[in-house]
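First the structure, in the form of structure tokens, and then the observations on it.
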Amino acid sequence: MRSPLLISFLFIIALSMAVILAVPNFKKKFKDYFVSEHRTILGKVIGHLSPGSDRYVILKIKQKENIFIEVYTEDPKTETLHFQQKIDLGAKKEGHFSFKGEASNLVFTNIDDDEKLEILVPVFDAEMTARLYTIKYNESILQFEIQNAN
417 MRSPLLISFL FIIALSMAVI LAVPNFKKKF KDYFVSEHRT ILGKVIGHLS PGSDRYVILK
477 IKQKENIFIE VYTEDPKTET LHFQQKIDLG AKKEGHFSFK GEASNLVFTN IDDDEKLEIL
537 VPVFDAEMTA RLYTIKYNES ILQFEIQNAN
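Under this note's numbering, the first residue of the sequence shown carries the number 417, and numbering increases by one thereafter.
Following this line, the structure appears as structure tokens:
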């Protein structure tokens, strides 16, 4: 008795999937529901980490419900971007702060008077508490890492 019921159920599922895949509008909605690759660039800064170093392109991205920092190096001849690292900030809301008298949501600057620039990223956490992340390049592991979140 269960076999015809199971076969009927699987047939209905297969038929539904065929209709979803055959109709472009249904296919797009189905894909968007399960695989949301929608990315929004919230901020972009460009600069050299230190004098004579590669040129870096830093992006502040909102993807799905989270905010990330993506780090790229730029080839000086072709201006091609090469992905280096993605940093999950664990934050969901965009933030701004005043930097040198201007509202900023992403800054690439030297705050500790060494030769390397740091990335400053303001966000709001889940409790809507303002956070300012400082991200610094760690030469021992050849990656950027979060130093603190004030």
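Note that the Cβ used here is the ideal one computed from N, Cα and C, for glycine as well.
> How many angstroms separate the CA atom of Gln500 from the CA atom of Glu486?
Replying inline: Cα to Cα, the separation comes out at about 8 Å.
> Quick one: what's got a C-beta closer than 7 Å to Lys443's C-beta in the same chain, skipping five residues either side?
Replying inline: Excluding residues within five positions, the ones whose Cβ falls inside 7 Å are Ile436 and Leu437.
>> Which complete beta strand (DSSP E) runs does the segment 435 to 496 hold, if anything under 3 residues is left out?
In response: Whole beta strand (DSSP E) segments, 3+ residues: 455 to 464, 471 to 479 and 482 to 490.
>> I need the boundaries of the beta strand (DSSP E) containing Asn554, first residue and last residue.
In response: Where Asn554 is concerned, the enclosing beta strand (DSSP E) stretches over Ala546 to Asn554.
> Thinking just about the alpha-carbon of each residue, which of Ser466, Thr456, Glu561 and Phe446 is nearest to the one in Asp529?
Replying inline: Measuring from the Cα of Asp529, the nearest candidate turns out to be Ser466.
> DSSP state of Ala507, grouped into three classes?
Replying inline: Strand, per DSSP.
> What are the boundary residues of the beta strand (DSSP E) that includes Ile527?
Replying inline: In the DSSP assignment, Ile527 falls outside any beta strand (DSSP E) and carries neither an H nor an E.
>> Going by DSSP in three states, Leu533 sits in which element: helix, strand or coil?
In response: In this structure, Leu533 counts as coil in the three-state DSSP scheme.
> Do you know offhand how far Asn564's Cα is from Glu534's?
Replying inline: If I take the Cα positions, the gap works out to 12 Å.
> Going along the chain, which residues of its own chain have a beta-carbon closer than 7 Å to the beta-carbon of Tyr553, five neighbours each way excluded?
Replying inline: Correct list, in chain order: Leu465, Lys532 and Phe560.
>> Applying the 10 Å Cβ sphere with the 16-neighbour rule, what's the burial state of Val439?
In response: Here Val439 is exposed, its C-beta having fewer than 16 other C-beta atoms within 10 Å.
> Once you ignore the five residues that flank Gly506 on each side, which residues in its own chain have a CB closer than 8 Å to its CB?
Replying inline: Only Asn482 and Asp541 meet the Cβ criterion.
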